[in-house]
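Here is the structure we will look at, set down as structure tokens.
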Amino acid sequence: LLGIQSVDGKGSLKIVKNILNEFYISNCIFRKVKNEDCIKIFEIANDDEVRKYSFNSDKIPLDDHKIWFNAILKNNLVNFYVLEYAGDIIGQLRLDFDEVYPVISISLNKKYRGLGLSKLLLSKGLNLIDGKVVAYIKKDNIRSISFFKSMGFKKDSEVIIKNCDAFKFIRG
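So for the sequence shown, the working numbering puts the first residue at 57; every next one is plus one.
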């Protein structure tokens with residue numbers, strides 16, 4: 057009876073997700089962002105879920121994105137990376153070094169969500185940093201709060217960023 061109660065009907069889906077996770081872990085590339093990534097990053101940035109949990113939830117016009125993207129590529133205080141598979145960007149990770157501790161932010165291409173690849177992306181970014189790192193997360197972004205906690209981040213304080221209630225998390 058206990059065995060029957062624990063069957064959720066999602067076992068085959070979990071197996072497929074684990075196989076895909078292992079495949080991508082073995083076959084993806086973590087690299088610095090390049091000029092030709094601009095449009096793919098734009099598409100990720102304008103995804104509805106990414107916008108919902110961003111501190112500016114408005115859709116980004118392409119011309120504004122191009123200006124921002126080119127400025128980021130030239131900014132020595134920002135390190136910008138992508139996780140890529142077969143020319144497709146799985147996700148992006150940014151490290152901003154203009155505060156006391158680097159601030160990390162990530163977002164995933166919606167095609168790759170739910171496969172455990174955020175953990176891989178964040179781990180790759182954390183491997184680049186000695187010492188503490190900060191993440192700012194909107195209070196209503198429960199999934200990201202849980203994820204960052206699972207990756208060793210601790211809630212430090214409550215903050216307001218661009219009129220949004222958020223938490224400051226620190227790791228290290």
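A virtual CB, placed ideally from N, CA and C, is assigned to each residue, including glycine.
DSSP three-state assignment for residue i, whether helix, strand or coil
i, result
"Phe79", "helix"
"Ile226", "strand"
"Cys94", "helix"
"Val106", "helix"
"Asn74", "helix"
"Lys175", "helix"
"Lys210", "strand"
"Ile201", "helix"
"Ile116", "coil"
"Ile185", "coil"
Proximity below 8 Å, CB of residue i to CB of residue j
i, j, result
"Gly228", "Lys166", "no"
"Tyr80", "Leu149", "no"
"Arg87", "Val138", "yes"
"Tyr85", "Glu140", "Sequence check: residue 85 is Ile here, not Tyr. Closer than 8 Å, so yes."
"Met207", "Lys175", "yes"
"Ala222", "Lys194", "yes"
One or two residues paired with residue i in a DSSP bridge
i, result
"Asn135", "Leu151"
"Cys84", "Paired residue(s): none; Cys84 is not in a bridge."
"Val215", "Ala222"
"Ser161", "Arg150"
"Ala191", "Phe225"
With 16 other Cβ atoms within 10 Å as the buried cut-off, status of residue i
i, result
"Val156", "exposed"
"Ile97", "buried"
"Gln61", "For Gln61, the pLDDT reaches just 48, beneath the cut-off of 50, and the residue's location in the model is therefore unreliable, leaving the point undetermined."
"Asp119", "exposed"
"Ser200", "buried"
"Val190", "buried"
"Ser110", "buried"
Cut-off 7 Å between Cβ atoms - residues of its own chain near residue i, not counting five sequence neighbours on either side
i, result
"Ile128", "Val134 and Phe136"
"Asn102", "Lys115 and Ile116"
Own chain residues within Cβ distance below 6 Å of residue i, not counting five before or after
i, result
"Leu177", "Leu139, Gly147, Leu149 and Ile162"
"Asp154", "Leu133"
"Val215", "Ala222 and Lys224"
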